[in-house]
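Residue numbers (this note's numbering): -3 to 85. Quick reminder that beta carbons are idealized off the backbone N, C-alpha and C, glycines included. This one's a predicted model, so the numbers in the text were calculated from it and none came from an experiment. Just below is one structure, and these are the notes that go with it.
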């Protein structure tokens, strides 16, 4: 497992979820290396700043094949359609 995408209704629940995830990963001898929030309060309250993404919320974060924009709290998808340059018949 590389990426986890989750959410919470409030900051307390988000903090509990982060702690639960860290504890679960520790049982498998894994660590939570990077995380991001759309809440500046949540980012600033972290005691483990070395494991957070950049606090530049303008930047889109790519995970699980989609991009998430923290400032607007929305997902973006990039679609590319190949055009056929020649036809055989």
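query, result
"CA-to-CA distance, residue 33 to residue 75, given in whole angstroms", "25 Å"
"Under the three-state DSSP convention, the category residue 20 falls into", "helix"
"Endpoints, beta strand (DSSP E) assigned at residue 26", "Neither: residue 26 is in no beta strand (DSSP E) and is coded neither H nor E."
"DSSP beta-bridge partners of residue 98", "Outside the displayed range of the chain (-3 to 85) lies residue 98, so it cannot be described from this structure."
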